[in-house]
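The structure appears right after this line, and notes come after that.
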Amino acid sequence: MDSPSKRRKKNDGSSKPVRKLDFFFAKQTAKAAAANDAPPSETTEPKAPEAVDPTNLTDEEYARKLQEEWDREARAEGQGAAQPRKEEDLFSSNELYRDPSPPTRTAVNRSTEDKSNTVTDGVSTSIIGSAAPKLQSNTLSLQSTATEEDTVTANIPFDQSPLEFEPSKYIPDLRKHWTADGGRATYALLTRCFILVNSTTSRIKIVDTLVNLLRTIIESDPDSLLPAVWLATNSISPPYIDLELGLGGSAISKALKKVCGLDNAGLKTLSNKYGDAGDVAFEAKKRQSFTLRKPKPLTIKSVFDSLVKIANSKGNGSVEAKQRIVERLIQDARGAEESRYIVRTLVQHLRIGAVKTTMLIALSRAFLLSKPPNADFETRDPKDLAKLKKEDLVDIYSRNEEIVKACFARRPNYNDIIPALLEIGVGEELLLRCGLALHIPLRPMLGSITRDLGEMLTKLQGRDFSCEYKYDGQRAQVHCDDKGKVTIFSRHLEVMTDKYPDLVALVPQIRGEGVSSFILEGEVVAVDRSSGELKTFQTLANRARKDVLIGTVTIDVCLFAFDLMYLNGEELLNRPFRERRDMLRSLFVEIPHTFTWVTSLDATSADTETVSAFFKSALELKCEGIMVKVLDNLPNPDLLDELHPDDAPSLPPTPKKKNPTKPKGKKHTATPDADADEPKKSGRRKALPATYEPDKRLDAWLKVKKDYSTTSETLDLIPVAAFHGSGRKAAWWSPILLAIRNERSGTLTAVTKCMSGFTDAFYAANRAKYDPDDADNANVLRGGKPHFVEYGGGAGWPAVWFEPHEVWEVAFADLTLSPTYTAAIGLVHEDRGLSTRFPRFLRVRDDKGIEEATEAEELAELYRKQEARPKAEEAKEAEGEDVQ
1 MDSPSKRRKK NDGSSKPVRK LDFFFAKQTA KAAAANDAPP SETTEPKAPE AVDPTNLTDE
61 EYARKLQEEW DREARAEGQG AAQPRKEEDL FSSNELYRDP SPPTRTAVNR STEDKSNTVT
121 DGVSTSIIGS AAPKLQSNTL SLQSTATEED TVTANIPFDQ SPLEFEPSKY IPDLRKHWTA
181 DGGRATYALL TRCFILVNST TSRIKIVDTL VNLLRTIIES DPDSLLPAVW LATNSISPPY
241 IDLELGLGGS AISKALKKVC GLDNAGLKTL SNKYGDAGDV AFEAKKRQSF TLRKPKPLTI
301 KSVFDSLVKI ANSKGNGSVE AKQRIVERLI QDARGAEESR YIVRTLVQHL RIGAVKTTML
361 IALSRAFLLS KPPNADFETR DPKDLAKLKK EDLVDIYSRN EEIVKACFAR RPNYNDIIPA
421 LLEIGVGEEL LLRCGLALHI PLRPMLGSIT RDLGEMLTKL QGRDFSCEYK YDGQRAQVHC
481 DDKGKVTIFS RHLEVMTDKY PDLVALVPQI RGEGVSSFIL EGEVVAVDRS SGELKTFQTL
541 ANRARKDVLI GTVTIDVCLF AFDLMYLNGE ELLNRPFRER RDMLRSLFVE IPHTFTWVTS
601 LDATSADTET VSAFFKSALE LKCEGIMVKV LDNLPNPDLL DELHPDDAPS LPPTPKKKNP
661 TKPKGKKHTA TPDADADEPK KSGRRKALPA TYEPDKRLDA WLKVKKDYST TSETLDLIPV
721 AAFHGSGRKA AWWSPILLAI RNERSGTLTA VTKCMSGFTD AFYAANRAKY DPDDADNANV
781 LRGGKPHFVE YGGGAGWPAV WFEPHEVWEV AFADLTLSPT YTAAIGLVHE DRGLSTRFPR
841 FLRVRDDKGI EEATEAEELA ELYRKQEARP KAEEAKEAEG EDVQ
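Residue numbers are given in full-length UniProt numbering: position 837 of the sequence shown equals residue 837, and the series is strictly consecutive.
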């Protein structure tokens with residue numbers, strides 16, 4: 001008799017023990033034994049097997065014994081049963097089915113002893129009965145959900161050209177297949193698309209695959225389109241709605257161990273080998289021989305609803321509730337591929353390359369070619385489009401893409417856009433329905449990057465522009481309606497209203513007469529309220545993020561406003577920047593050191609010295625650099641020759657990027673590029689708009705920043721540990737934890753994590769150099785963090801620790817005080833160490849040993865020099881003025 005500690009519990013969580021199979025088959029076992037003892041008859045009969053003793057057998061061995069016994073019984077009783085099945089047929093699946101006609105032979109769970117029955121990598125086996133269709137009498141069959149995939153969906157060629165793909169050819173079979181699952185599109189449809197997208201790096205092919213997926217859902221199950229888009233974009237809500245899964249890695253690990261039968265060692269082995277959580281789930285599911293329950297096919301809508309339930313689980317018991325949902329999702333995933341993408345969705349790292357822009361392009365093309373069954377908007381016949389020239393097809397695609405992109409830039413929420421698309425398709429009406437709205441953030445306009453003032457002046461030659469300080473703060477979008485409700489969003493569209501209650505209270509004071517509602521944009525910067533001195537971004541980052549009360553604010557901020565996009569119910573996006581700026585400065589009230597305008601300078605490309613001096617002053621005030629913005633909507637200067645040939649200035653052509661050389665022997669495809677917004681034209685410079693263009697990065701706004709070139713100092717750092725890479729770098733170590741020397745303590749102190757400046761070849765070589773799977777690799781330290789390395793883990797815990805033996809030269813933009821790293825702590829600040837901003841790997845210093853790496857006092861001295869540099873230059877200029 002089993003001891004209580006070794007009894008299994010039922011899956012429903014009850015404490016009742018599960019009876020063994022030998023209990024249910026006791027009569028058959030007794031009958032077989034009696035037949036054994038009976039005198040032999042004249043008729044030749046097969047000898048009955050010995051009674052099956054399950055005590056020392058695994059589930060699989062016991063099942064084989066039972067099958068052999070039942071086959072012998074069938075022949076003995078003359079039932080005409082089939083010959084004994086081959087082992088490969090017998091165990092081709094992992095569910096136990098039995099003809100229910102003899103009640104005593106109904107298949108049930110067998111409770112096993114507490115012993116190892118590991119197959120591979122810690123994957124254990126189990127057998128379960130199920131209410132399944134009748135099989136042949138006296139036949140035991142085990143079915144594997146690891147191979148039970150949706151064959152109907154798996155053969156749909158989503159990667160065809162959308163002009164050749166016909167959803168109607170596949171929809172009848174799909175609907176027939178979905179009937180058993182409630183008529184909804186199954187998750188297998190998404191998985192099929194993900195597999196194809198993940199197998200190519202072609203941007204065109206990725207878009208085509210998504211277009212065909214969306215068209216199939218639009219025409220077959222429109223209600224599943226919205227959840228499909230959310231899942232394909234690896235999210236469940238827009239950033240400004242607080243709906244986060246809140247799942248840690250432990251939840252995924254527990255679910256994989258429970259559902260796939262992994263033990264800790266098996267899970268660790270797979271994690272070390274594959275890194276990516278989805279790949280670990282794929283391998284675990286692929287190797288799983290048996291399951292405890294027949295999976296219920298996942299639908300797109302059920303997966304999305306499950307994620308929303310996880311995100312909405314709050315309070316007591318929420319952790320357990322989330323865990324149950326995660327386990328059910330992984331358990332119901334049919335096949336290894338579904339498991340891979342379910343887990344990647346849960347860890348919010350889908351890795352299919354379907355970013356926002358790709359999805360918007362795919363939606364615009366899908367609704368150009370397809371519509372729901374009951375919709376009446378116009379679509380285009382793919383066969384007619386296939387006859388067009390490439391330029392004409394690109395033009396048609398571009399018009400739809402621009403409309404969808406413009407709508408999403410103003411209303412970045414698929415919950416608003418998808419229903420409108422299903423009803424009216426893509427057209428001008430869509431822009432009216434999904435226009436700018438208060439308390440819904442628009443995606444901010446972005447500036448192009450330039451490396452120096454010379455490049456900037458060349459690009460803006462002949463234009464009037466405004467130079468503005470680029471403050472080292474946090475970009476903020478402030479919304480206020482006519483009832484006084486205020487909402488503040490970050491540049492990533494996250495709500496920051498609770499973080500800045502002092503700014504919310506400030507709004508009634510800055511709103512001038514006649515201003516009822518507005519949307520303005522500015523930079524929130526930490527300041528000294530009395531002197532107005534600017535503080536660093538690190539200071540601002542130390543401010544609490546949630547539930548901040550005005551009385552508890554210890555870090556004062558100033559809002560430097562620079563643009564106005566909405567006023568009294570009217571969009572200002574199409575107004576030139578000069579006009580928007582004038583309205584901002586005339587209709588709002590300035591409060592020194594609290595609410596003011598960005599420091600600016602209006603100039604032209606001829607004002608080289610003035611602009612250079614302005615840029616220098618921005619750096620002296622610890623700004624990141626300057627922003628340069630076109631003031632007015634001028635005509636294209638290249639056309640001035642034709643309009644006014646006598647007055648036209650002589651302007652150089654805008655520098656163009658060289659197109660990569662096409663490889664020989666490859667035919668150029670006629671499919672338009674997914675990123676092509678319009679046909680490429682040569683020889684003419686585009687007129688730079690002074691309008692506000694949400695979610696676009698244009699040369700009308702240029703960034704000139706202090707970069708690596710502004711500092712000649714580099715650091716010699718020691719790589720001491722590394723983290724598992726993610727995405728494309730999942731097989732490599734990235735980022736790398738770097739350290740300096742501390743001569744006083746004789747230790748190495750972590751200073752930064754670096755993931756910039758590496759090539760793929762270096763990543764591969766570095767992974768091989770520090771391979772923890774190689775037992776003979778002396779470059780890897782076993783047993784966790786070595787005692788001679790100081791690291792608190794505030795930036796995450798490394799996956800592998802290195803034997804320190806080499807030095808890397810690393811460039812950086814700035815040294816900053818850090819609450820995470822303790823390098824040089826006590827030398828420049830009592831409680832904080834130093835770290836680097838934007839570290840970049842340059843080379844391995846083969847000429848230096850670790851005893852020659854940067855030391856803590858050297859790092860502190862570099863920080864002091866950095867802080868003293870602006871003051872020294874200020875004093876030098878003052879001295880020059882006195883001499884004059």
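The beta-carbon is built from N, C-alpha and C at its ideal position, and this holds for glycine as well.
Bear in mind that the values here come from a model prediction, so they are computed numbers and not experimental data.
Reduced DSSP category for residue i - H, G, I as helix; E, B as strand; rest coil
| i | result |
| --- | --- |
| Glu164 | coil |
| His724 | strand |
| Phe408 | helix |
| Ala730 | coil |
| Val598 | coil |
| Phe614 | helix |
| Arg334 | coil |
| Ser531 | coil |
| Asp776 | coil |
| Phe802 | strand |
| residue 886 | A question about residue 886 goes unanswered here, because the residues of the chain that appear run from 1 up to 884. |
| Leu621 | coil |
| Lys629 | strand |
Residue i classed as buried or exposed, judged by whether at least 16 other C-beta atoms fall within 10 angstroms
| i | result |
| --- | --- |
| Phe838 | exposed |
| Arg832 | buried |
| Arg864 | exposed |
| Glu678 | With a pLDDT of only 40 at Glu678, under the threshold of 50, the placement of this residue in the model should not be trusted; the figure read from the coordinates follows. Glu678 should be labelled exposed. |
| Asn212 | buried |
| Ser339 | buried |
| Leu621 | exposed |
| Ser530 | exposed |
Inter-residue Cα distance where the pair is residue i and residue j
| i | j | result |
| --- | --- | --- |
| Thr233 | Ser224 | 14 Å |
| residue 887 | Glu624 | Because the chain here runs from 1 to 884, residue 887 falls outside it and cannot be looked at. |
| Leu737 | Leu442 | 37 Å |
| Phe537 | Asp528 | 13 Å |
| Glu867 | Met496 | 30 Å |
| Leu493 | Glu402 | 21 Å |
| Ala811 | Thr836 | 9 Å |
| Glu571 | Phe518 | 9 Å |
| Asp638 | Lys459 | Only weak support is given to the placement of Asp638: the predicted model assigns it a pLDDT of 49, under 50, and the value that follows is read from those uncertain coordinates. For Asp638 and Lys459, the distance between alpha carbons rounds to 13 Å. |
| Thr691 | Thr759 | 39 Å |
Contact check, residue i vs residue j, beta carbons under 8 Å
| i | j | result |
| --- | --- | --- |
| Trp732 | Arg767 | yes |
| Met565 | Glu468 | no |
| Val780 | Glu852 | no |
| Asp170 | Leu298 | Before going further, note that residue 170 is Tyr rather than Asp in the sequence given. No, the Cβ-Cβ distance between Tyr170 and Leu298 is not below 8 Å. |
| Leu817 | His829 | yes |
| Val343 | Ala281 | yes |
| Ala856 | Thr749 | yes |
| Ala255 | Ile330 | yes |
| Ile217 | Leu346 | no |
| Asp502 | Val557 | yes |
| Gly514 | Leu559 | no |
| Phe158 | Arg192 | yes |
| Thr447 | Leu702 | Residue identity check: residue 447 is Gly in the sequence provided, not Thr. Yes, Cβ-Cβ distance for Gly447 and Leu702 is below 8 Å. |
| residue 885 | Arg463 | Nothing about residue 885 can be read from this structure; the chain reaches only from 1 to 884. |
| residue 885 | Gly315 | Since the first and last residues shown for the chain are 1 and 884, residue 885 lies out of range. |
| Val524 | Val504 | no |
Span of the alpha helix (DSSP H), counted from its first residue to its last, around residue i
| i | result |
| --- | --- |
| Leu360 | 356-369 |
| Phe304 | 300-312 |
| Thr200 | Per DSSP, Thr200 belongs to no alpha helix (DSSP H) and is neither H nor E. |
Segment limits, beta strand (DSSP E) that includes residue i
| i | result |
| --- | --- |
| Cys558 | 557-567 |
| Val525 | 518-526 |
| Ala750 | 747-754 |
| Tyr469 | 464-470 |
| Ser835 | 833-837 |
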